[in-house]
Each structure stands twice: as C-alpha cells, then as structure tokens.
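Asks:
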Amino acid sequence: MLQGRDRLELVNRMSTNDVSRLAPNEGAPTVFINANARILFRAGCFHLPRGLLLISEPGQGEALANYLRRSIFFGDQVTVKEISAETAHFALHGATADATIQSLTPAAESMPALGVTEIECAVGNLIIARRKSICGGHWIVIADRELGAPAHRLLLQSGASAGLIPAGSLTYNSLRIRSGRPAGLELSADYIPLEVGLWDEISFSKGCYTGQEIIARMESRGRLAKTLVKIALSSLAPAPTPMYAQGKPAGTLTSSARAPDGRIHALAVLKVGSAQPNTDLTAGANGPKAKVIGFAGAQPPFVLAEAASSPSN
6 MLQGRDRLEL
16 VNRMSTNDVS
26 RLAPNEGAPT
36 VFINANARIL
46 FRAGCFHLPR
56 GLLLISEPGQ
66 GEALANYLRR
76 SIFFGDQVTV
86 KEISAETAHF
96 ALHGATADAT
106 IQSLTPAAES
116 MPALGVTEIE
126 CAVGNLIIAR
136 RKSICGGHWI
146 VIADRELGAP
156 AHRLLLQSGA
166 SAGLIPAGSL
176 TYNSLRIRSG
186 RPAGLELSAD
196 YIPLEVGLWD
206 EISFSKGCYT
216 GQEIIARMES
226 RGRLAKTLVK
236 IALSSLAPAP
246 TPMYAQGKPA
256 GTLTSSARAP
266 DGRIHALAVL
276 KVGSAQPNTD
286 LTAGANGPKA
296 KVIGFAGAQP
306 PFVLAEAASS
316 PSN
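Position in the sequence shown counted from 1, then plus 5, gives you this note's numbering.
Here's what the structure looks like:
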C-alpha cells in the first residue's frame, strides 16, 4: 500500500502503464522493468481513497515494496507498506463470480473492468476489485488477516446458489495457461513485456519511465524477435523446456499443466517465425510433439497484422 501525495507519480515513473490519472476507485495493471526493458515485476494498481494498493505476482510483495522504497526521491511525499502478512486474499473466477460478488454488494454490477471499492459487510471491511478475465468474471477480495476465515465462509455462502465451489492452485494454473495469461517464467528478466503478451499494460504516450527507450524503439520499428503463444502438447512436458521446429531451436516452453479433466495446456515463447498457428514443434530434441494453437495475451498490432498476411493464413 502506497500513501502520500506522490504515490501515483512514483509508480508512474517506475513502470510501463500510465497510472498518473487514476481516479479513486479506478485500477490499471502495469509492469516494472529494468533499464534494458526486462521484466522485474508485474502488479495490479488499485487507487483507493486511503492509498494506492499494488497487488504483485505471488510471493513478490516484499521485493516490489523494497524496489519502490529504493526509488523514492528526496522530497517525494510517499510511504510504502507491505501488507501481505496482514491480509487474506481471495480470487473468484468463472461464470459464478459476478453473481457471488453482486450478492455482497449490488454496486459491483456497475463497477468498471478494473474498478475497486471497499464495502462493509457482515464480517467487516472488504476490498473488492475486478481484474482482467481469465475464465469468465475475475474478482479479488481482500480482508484483514483475522477476518480471513469468516470472509471465506461468507464468499462460499454468497455463491452457493450460483454453484460456486472452492478450487485449488492446479485448477487456477490450468485456467490461467488456457487463457494465455503470462505468469511465472513468462514474467521474468528473460523477457520484455511486448514479448509475453503485455501490450495492453504499456502506455506509448506518457512521459519517461525506466526502460522506455527500448520499448518505444520496438514499437516504432514494428518488430519482435519472439512472442508468447498457446501450444498443444501430445504429452505433458515440464517448463522450462527448449522447443524445436524442424529440428532447429525455436524458443522455450514456459508453462504447462494437466487440468483436472486430463487436458494439457501450455504456453511457449517462440521466435516469431515459429509462432504462426499450426506450426509443428517438439518439446525437447526428442520430446513430446507440439503444435501452435495461436497467440497468447495482448499482442502488438504489428504482430497480428504480420500473421494475418502470412501465406499460411
């Protein structure tokens, strides 16, 4: 949680998206990159009246908080507090998510795609926010740590009539990969945001930020060396695994999971020339067969235009 006059400015000058004009109860995803435009952190920014809430990728809260503290200029009026240990965090996905949240607060029905609000309910104060969809509706609910158990029970009760059921990390990871959302290995210093489907989390019109020059150069030239794709695997392969096309290195398998229904879902970062739909691949030199299904995440328009004009299409 960031508080103080310059809370928006600090995040704005250190990350890719334009958060400088976020009004209270608005949110935006953004990416923190180094001077070489390599990914350090990805976070959802939610502007509450009492401060700017940043939700990092799992396990990165303290590292992101320390990174921001080191970036505070003399004269900045901003404080950074890491609150993971003080809170309980729940995520709701799918067809029942909207109905569950609306049963807690009717105001949720009119909330924008990345909106955030705080409500008072039977168990106490809750933060409720929308995030980018993975499978149907996607909501997060945050409660004080001591309210975690009653908040969990309240969510299950609120969604019972709609068919809400608890699910674990395997189900989430399968849905995440199937939808093409980057995480884990994709959000590492091995990659630049444009290469892993994060085009929609970058502003090309705001002022300077760390790593901007390289991002701007890639956008102005309209070319990427590699990009994120969904792939079909004949059998499960671990990530990371080198990918090959016609026996030549093509990229890296970055995510894979076998869903509870037995289906295998996978993502790979491939050279653009090997990233066209229906391209045949192997995971490892002699591993499982694979085939490109399509692009993942939010792709640059020039990548989509090139794919649409390729002979295979």
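In this text, a Cβ means the ideal position worked out from N, Cα and C, and glycines have one as well.
Decide yes or no for the touch test of the segment 190 to 199 against the segment 166 to 179: beta carbon pairs closer than 8 Å, at least 3 of them.
Replies: As far as the Cβ criterion goes, the segment 190 to 199 does not touch the segment 166 to 179, which means the pair count is below three.
Asks: Taking the continuous alpha helix (DSSP H) assigned at Ile-106, which residues delimit it?
Replies: 102 to 109 is the extent of the alpha helix (DSSP H) around Ile-106.
Asks: As a quick exercise: from Ala-262, Ala-290, Thr-257, Ile-38, pick the residue whose alpha carbon is nearest that of Ser-279.
Replies: Closest option to Ser-279, Cα to Cα, is Thr-257.
Asks: Only counting the same chain, and skipping five residues up and downstream in sequence, which positions put a Cβ closer than 6 Å to that of Gly-142?
Replies: Result list for Gly-142: Ala-102, Asp-103, in chain order.
Asks: Please list the segments of the beta strand (DSSP E) lying wholly inside the segment 217 to 260, counting only runs of 3 or more residues, in order along the chain.
Replies: Complete beta strand (DSSP E) runs here, min 3: 231 to 238, 246 to 250.
Asks: For the beta strand (DSSP E) containing Phe-322, list its first residue and its last residue.
Replies: The structure shown has nothing for residue 322, since the chain only spans 6 to 318.
Asks: Across the segment 222 to 233 and the segment 291 to 309, are there enough close Cβ pairs to call them in contact, namely three or more that are closer than 8 Å?
Replies: These segments touch.
Asks: Is Ala-237 closer than 7 Å to Lys-276 when the C-beta atoms are compared?
Replies: No. Outside cutoff.
Asks: Exposed or buried, what is Glu-191 when buried is set at 16 or more other beta-carbons lying within 10 Å of its beta-carbon?
Replies: Per the 10 Å Cβ criterion, buried.
Asks: In the DSSP assignment, what are the bridge partners of Glu-125?
Replies: DSSP, once it has assigned bridges, lists Asn-130 as partnering Glu-125.
Asks: Helix, strand or coil, according to DSSP, for Val-308 in the structure here?
Replies: In the structure shown, Val-308 sits in a helix (DSSP, three-state: H, G or I).
Asks: DSSP has Cys-50 in a bridge; who is on the other side?
Replies: Answer is Ala-33, Leu-59, bridged to Cys-50.
Asks: How big is the Cα-Cα spacing for Ser-163 and Leu-131?
Replies: If I take the Cα positions, the gap works out to 14 Å.
Asks: Do Ala-28 and Ile-219 count as a contact pair if the criterion is CB distance below 7 Å?
Replies: No, Cβ-Cβ distance for Ile-219 and Ala-28 is not below 7 Å.
Asks: Buried or exposed: Ile-170, going by 16 or more other Cβ atoms within 10 Å of its Cβ?
Replies: Exposed: under 16 other Cβ atoms inside 10 Å.
Asks: Distance, Cα to Cα, Pro-243 vs Phe-79?
Replies: Spanning the two alpha carbons is a distance of roughly 46 Å.
Asks: Would Ala-134 and Phe-51 qualify as a contact pair, given that the criterion is a beta-carbon distance under 7 Å?
Replies: Yes, they are a contact pair.
Asks: Give me the Cα-Cα distance between Met-19 and Ile-207, rounded to the nearest whole angstrom.
Replies: Their backbone Cα atoms lie some 12 Å apart in a straight line.
Asks: Out of Asp-266, Pro-245, Ala-310, Ser-239, point me to the one whose CA is closest to Asp-285's CA.
Replies: Closest option to Asp-285, Cα to Cα, is Ser-239.
Asks: Would you kindly report the start and end of the unbroken beta strand (DSSP E) that includes Val-274?
Replies: Per DSSP, Val-274 belongs to the beta strand (DSSP E) from 269 to 276.
Asks: Is Gln-251 buried or exposed, if buried means 16 or more other CB atoms sit within 10 Å of its CB?
Replies: Classification of Gln-251: exposed, given that the 10 Å Cβ count is below 16.
Asks: Determine contact between the segment 136 to 156 and the segment 84 to 99, defined as no fewer than three beta-carbon pairs at a distance below 8 Å.
Replies: The segment 136 to 156 vs the segment 84 to 99: in contact.
Asks: Within a Cβ cutoff of 6 Å, which residues of the same chain sit near Gly-185, ignoring the five residues on either side of it in sequence?
Replies: Lys-235, Ala-301, Gly-302, listed in sequence order.
Asks: For Asp-266 and Gly-212, I'd like the C-alpha separation in whole angstroms.
Replies: Going from the Cα of Asp-266 to the Cα of Gly-212 covers about 47 Å.
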